[in-house]
Structure formats: C-alpha cells, structure tokens
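Colleague: For reference, the structure I am asking about is given below.
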Amino acid sequence: MPRRPPLPVRLWLAVDTPSVDDARRLAEVARTVGAGLKLGKEFFTANGPAAVRQLTLDARLPLFLDLKFHDIPNTVAAAVTAALPLRPAMLNVHALGGAAMITAAVAAAAAAAGSERPLVLAVTILTSLGDADLPALGVGEPVAVMVERLARLARECGADGVVCSPVEAARLRASLGGDCVLVVPGVRPVWAGSDDQKRVMTPAAALNAGADALVVGRPITAAADPLAAARRLVAEIADAG
Ligand code: C5P
Numbered sequence: 087m088p089r090r091p092p093l094p095v096r097l098w099l100a101v102d103t104p105s106v107d108d109a110r111r112l113a114e115v116a117r118t119v120g121a122g123l124k125l126g127k128e129f130f131t132a133n134g135p136a137a138v139r140q141l142t143l144d145a146r147l148p149l150f151l152d153l154k155f156h157d158i159p160n161t162v163a164a165a166v167t168a169a170l171p172l173r174p175a176m177l178n179v180h181a182l183g184g185a186a187m188i189t190a191a192v193a194a195a196a197a198a199a200g201s202e203r204p205l206v207l208a209v210t211i212l213t214s215l216g217d218a219d220l221p222a223l224g225v226g227e228p229v230a231v232m233v234e235r236l237a238r239l240a241r242e243c244g245a246d247g248v249v250c251s252p253v254e255a256a257r258l259r260a261s262l263g264g265d266c267v268l269v270v271p272g273v274r275p276v277w278a279g280s281d282d283q284k285r286v287m288t289p290a291a292a293l294n295a296g297a298d299a300l301v302v303g304r305p306i307t308a309a310a311d312p313l314a315a316a317r318r319l320v321a322e323i324a325d326a327g
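Letter by letter, the sequence shown follows residues 87 to 327 in my numbering.
If you want it as structure tokens, here you go:
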C-alpha cells in the first residue's frame, strides 16, 4: 500500500437522513465549521451516488463513505472501485469479511492516484453487539478480544485503520501503534444527551484516548441550533490540542 494520505479533517458530521434538503443544510454547517461529511447506507440508498457527489465532491467537502462493505473479495473490490469517482477521503469494510476481502479492498483503493486514494478503515465488532451476543454467532471470545484480533487482521491486510468505540481507542492505540488511523463515533459533549449510544466519551477524552478523528451526529444534527452546536464542538476539539 502506498504511503497513506493525511486525514483532511478531524471532525466528521454523520448525516443520517434520507432527505437531500436536510443533508444540504447539514453540509452547510459542516462547511462553516470545517468538518467533513459521513454519508452512509441511509442517505446513499435513498438518493444514490449522484446526490453524494453533489453534497461532497461538487461542494468540495471531504467525504467519509460509510457503506461498510462486506461481501466476497471480488465484489467488495468492485464496489470500492465504483466508489472511487466520488473521491471519498475514507471508506470502510467489515473486518469479518476476512483477510482476502480486506486485501482486495485495499488493493482496489490503491488504484486511486496519490492523495486521491481513500483511507480504508475496518469495522470490527459492531458496537450494537455485546459479549452476550457473540456465542450465538459461534464466537467464544469477548468483544474486546475480537475487536483487537480483527483490528490486527485489518492492519496486516493493509487497512489504514479502524472505526472503534471511544472506550476501545486507548487499547487499540497502544497495541496497533501510532500509525493506525482510529476513527471514533459514540462521542458526546457533556452538554448533549447520549441518545442510544451506550459507551460514550467527550470529544476531548476520545482524542486523549488516541482517536485521530471523531464522528458526531445527533449532538449536532438534532440540536435546536446545529451550527451553534457544531461550533461548540469544534471549540472543544481545539481545546483538546
Ligand atoms: O448520532 P450519533 O453521534 O450517535 O451518530 C454516530 C454515527 O456513527 C452514526 O452514523 C452511526 O451509525 C455511526 N456509528 C456508530 N457506532 C459505530 C459505527 C458507526 O455510532 N460503531
């Protein structure tokens, strides 16, 4: 894998809506505070790649394409190739797709020129799953062990980093080293509720735990004044150093 391009921004606004109009409003907020946009299955499935392109590439906003690819290696490689014209700064795959699949995704991303190569991130164990859920999947190890195992596998296969919960960040930073990109959702400033996120941290705590980038949705998108909330969050990130 060629040297990895730098992260364009540290804050990614999670735009989880099927509405193009709502997404446009949030994109303006992101632009104003210098954040990127994370667009995922909901927006993509409702509106397609043309709408993603309009919101991000055409508007010069960094894109984290959160489609969590998980399929046979050939199909995932083809999906990554199909995503490249959108020039995502980051995209992701499920580490549970296995070594050949991750390697194929990384190779497909590497076909993009230099700084246009997206960072390939791996999702390990979904944060919606707990220790009690894994035996039914035939997995006998606790979540924390599986997260580390899958993160290592992803790195061995050339992935640039992982998406992880803030409570996993410090341990992964220690075990995977400084070069591994850690992108962390589940971030909640003290002035926001925790919604359905169970294991939350403040932006400063997540960055101090080793996060390189934060994904934040509802503390901004559901705020009465999203721009004011985004500014407050950006100030907290700046204070964290
Ligand atoms: O609104 P909230 O800040 O909880 O949004 C977090 C975003 O990060 C959502 O888009 C959610 O799907 C995503 N995410 C997450 N936990 C993960 C992976 C992704 O919350 N482990």
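Note that the Cβ used here is the ideal one computed from N, Cα and C, for glycine as well.
Bridge partners of Trp98, per DSSP?
Modeller: According to DSSP, which records beta bridges pairwise, Trp98 is partnered with Gly122, Val301.
Colleague: Under 7 Å Cβ to Cβ from Ala309, same chain only, skipping five residues before and after it: list those, please.
Modeller: So the list reads Ala315, once near-sequence residues are dropped.
Colleague: What residues in its chain sit with their C-beta under 7 Å from that of Asp217, if we drop five residues either side in the sequence?
Modeller: Around Asp217: Pro228, Val229.
Colleague: Taking the C-alpha atoms as reference points, what is the distance between Ala245 and Val179?
Modeller: Looking at the two C-alpha atoms, the distance is approximately 9 Å.
Colleague: Gly126 to Ala194, Cα distance in whole Å?
Modeller: Cα to Cα, the separation comes out at about 20 Å.
Colleague: With which residues is Met287 paired in a DSSP beta bridge?
Modeller: Paired residues: Val273.
Colleague: Look at the alpha carbon of Leu215 and the alpha carbon of Arg285, and state the distance between them as a whole number of angstroms.
Modeller: One C-alpha to the other measures close to 12 Å.
Colleague: According to DSSP, is Ala181 helix, strand or coil?
Modeller: Correct three-state label for Ala181: helix.
Colleague: Would you identify the three-state DSSP class for Leu262, choosing helix, strand or coil?
Modeller: Helix at Leu262.
Colleague: Below 8 Å between beta carbons: does that hold for Val95 and Gly122?
Modeller: For Val95 and Gly122, yes; Cβs fall inside 8 Å.
Colleague: Assign Gly200 to buried or exposed, taking buried as 16 or more other Cβ atoms, counted over all protein chains shown, within 10 Å of its Cβ.
Modeller: Gly200 comes out exposed.
Colleague: Near Ser251, what residues of its chain come up, given a Cβ to Cβ distance below 6 Å and the 5 sequence neighbours on each side ignored?
Modeller: Once the five neighbours on either side are set aside, the close Cβ partners of Ser251 are Thr213, Gly272, Arg285.
Colleague: Is Leu212 near the ligand C5P, judged by its Cβ being under 7 Å from some heavy atom?
Modeller: Leu212 Cβ: within cutoff of the ligand C5P.
Colleague: What are the boundary residues of the alpha helix (DSSP H) that Val249 is part of?
Modeller: Val249 -> not in any alpha helix (DSSP H); beta strand (DSSP E) instead, spanning 247 to 249.
Colleague: Taking the alpha helix (DSSP H) that Ile325 falls in, what are its first and last residues?
Modeller: Here the sequence assigns Asp to residue 325, which means Ile is not the residue at that position. Where Asp325 is concerned, the enclosing alpha helix (DSSP H) stretches over 312 to 325.
Colleague: Which full runs of the beta strand (DSSP E) of 3+ residues lie inside the stretch 153 to 213, going along the chain?
Modeller: Counting only runs of 3 or more, we get 176 to 180, 205 to 209.
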